[in-house]
Amino acid sequence: MLRNIWKFLLLIWMGVVIWGAFTYTPTAKALGETTRILYFHVPCSWVATLSFLIAAISGILYLVKNDLKYDLWAENAAHLGLFFTVLATITGSIWAKVIWHPFWNWDPRETSIFILLLIYAAYFALRSAVEEDEQKARLSAVYVILAFITVPFLVFIVPRIYDSLHPDPVINAQGKIKMNGKMLQVFFASMAGFTVIFFWMLRLKVQTALLERKLQMRKFKKLTENRDV
Amino acid sequence: MSDIYVVLSVNLLIWFSLFGYLFALDRKVQKLKKMLEND
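Residue numbers (the numbering used here), protein chains in the order written: chain A, 1 to 229; chain B, 1001 to 1039.
Set out below in structure tokens:
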């Protein structure tokens, strides 16, 4: 029971965030009620970036320690990164439809996220193209590290260089935060909640992969034993 | 469509996706654990 208490706390935390997003925070003049999407759309992008970082770190650890466990972490983190990127893209395009009218505008941020989706989709194409486990892990580790080099450019630099339909980032090019105090509180509370949800999902995904591997090994062992008899 | 409904639908989309995914993963872990125990 005590081990699961954090799940209840997280549920309450996110409940408060949703309540805060709908009732506590003011809306921005230009965006109206849709301002409230900010508290869910931006954390999705943040968590996606975080998962790509974890995938790259796991890739480095795999190359250093040559332990397949790190390949599992990299694969699952990249998978979740892709999931959150898709979620951020969908929520963003719904928001765009209301504010800018078309669902897709090829705005610098939209273009960056599209390129990012392609880069990480190619990671899974690469994984499915290689049969042998060690070779797959080595190639994927190198790819996921190289892929992450593009992330800071696509997520942080490109949208700050080119004119964008998007409003100023939360931390703007001058390194300053321009947001109402109440909005900031809910925004950072939501970022924290999404981060915990992400780590929960990642832990479950890695646990699933490890259990599947264990089960496969047992089956293989049984098969070879039967053949020997 | 009123803006508030857009915000609500975005919320529903996010929470159904996140908790649906979490629920599916949790079920899978439990199922695999049982399979390993019975094996």
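Where is the CB? At the ideal position from N, CA and C, for every residue including glycine.
Pull up the distance between the alpha-carbon of residue i and that of residue j, whole angstroms please.
| i | j | result |
| --- | --- | --- |
| A/T49 | A/T150 | 11 Å |
| A/K29 | A/I90 | 23 Å |
| A/W100 | A/I94 | 10 Å |
| B/I1004 | A/I37 | 10 Å |
| A/P26 | A/M183 | 7 Å |
| B/Q1030 | B/S1002 | 42 Å |
| A/W19 | A/V42 | 17 Å |
| A/L126 | A/L154 | 21 Å |
| A/T34 | A/W73 | 36 Å |
| B/M1035 | A/R218 | 11 Å |
| A/H166 | A/K221 | 56 Å |
| B/A1024 | A/L9 | 21 Å |
| A/S190 | B/W1015 | 13 Å |
| A/L31 | B/N1011 | 17 Å |
| A/F156 | A/R227 | 57 Å |
Quick one: is residue i near chain B, going by C-beta distance under 7 Å?
| i | result |
| --- | --- |
| A/G32 | yes |
| A/V142 | no |
| A/T89 | no |
| A/R3 | no |
| A/V98 | yes |
| A/F40 | yes |
| A/T208 | yes |
| A/L202 | no |
| A/L117 | no |
| A/L9 | no |
| A/I94 | yes |
| A/R109 | no |
| A/I12 | no |
| A/I308 | A query on residue 308 of chain A cannot be resolved here, the shown segment of chain A reaching from 1 to 229 and no further. |
| A/L63 | no |
| A/R213 | no |
| A/R218 | yes |
In chain order, what residues of the same chain lie with their CB nearer than 8 Å to the CB of residue i, ignoring the 5 residues before and after it?
| i | result |
| --- | --- |
| A/Y120 | F52, A78, G81, L82, T85, A147 |
| A/W104 | S93, A96, E110 |
Using a Cβ cut-off of 7 Å (strictly closer), state whether residue i contacts chain A.
| i | result |
| --- | --- |
| B/L1012 | no |
| B/K1028 | yes |
Excluding sequence positions up to five away, which residues of its chain have a Cβ less than 6 Å from the Cβ of residue i?
| i | result |
| --- | --- |
| A/C44 | F84, L87, A88 |
| A/L13 | The displayed chain sequence assigns Trp, not Leu, to residue 13 of chain A. Around A/W13: G193. |
| A/D71 | Y62, A137 |
| A/L198 | Just to set this straight, residue 198 of chain A is Phe in the shown sequence, not Leu. Hits under 6 Å: V47. |
| A/G59 | A74, A141, V144, I145 |
| A/S112 | L154, V158 |
Consult DSSP for residue i and reduce its assignment to one of helix, strand or coil.
| i | result |
| --- | --- |
| A/V249 | This structure leaves residue 249 of chain A out entirely; chain A is present only between 1 and 229. |
| A/E132 | coil |
| A/T25 | coil |
| A/W104 | coil |
| A/A30 | coil |
| A/N226 | helix |
| A/M191 | helix |
| A/M183 | helix |
| A/H41 | helix |
| A/K219 | helix |
| A/K7 | helix |
Looking at the secondary structure, which residues open and close the alpha helix (DSSP H) in which residue i lies?
| i | result |
| --- | --- |
| A/T288 | Here chain A comprises residues numbered 1 to 229, so residue 288 of chain A is not present and cannot be evaluated. |
| B/W1015 | 1003-1038 |
| A/I37 | Segment: none, A/I37 is in no alpha helix (DSSP H) and carries neither H nor E. |
| A/G20 | Segment: none, A/G20 is in no alpha helix (DSSP H) and carries neither H nor E. |
Are there any heavy atoms of the ligand HEM lying less than 6 Å away from the beta-carbon of residue i, as far as the coordinates show?
| i | result |
| --- | --- |
| A/A192 | No copy of the ligand HEM appears in this structure; indeed no ligand is present at all. |
Keeping to the same chain, check which residues put their C-beta closer than 7 Å to that of residue i; ignore five residues upstream and five downstream.
| i | result |
| --- | --- |
| A/M201 | L80 |
| A/L139 | L126, V130 |
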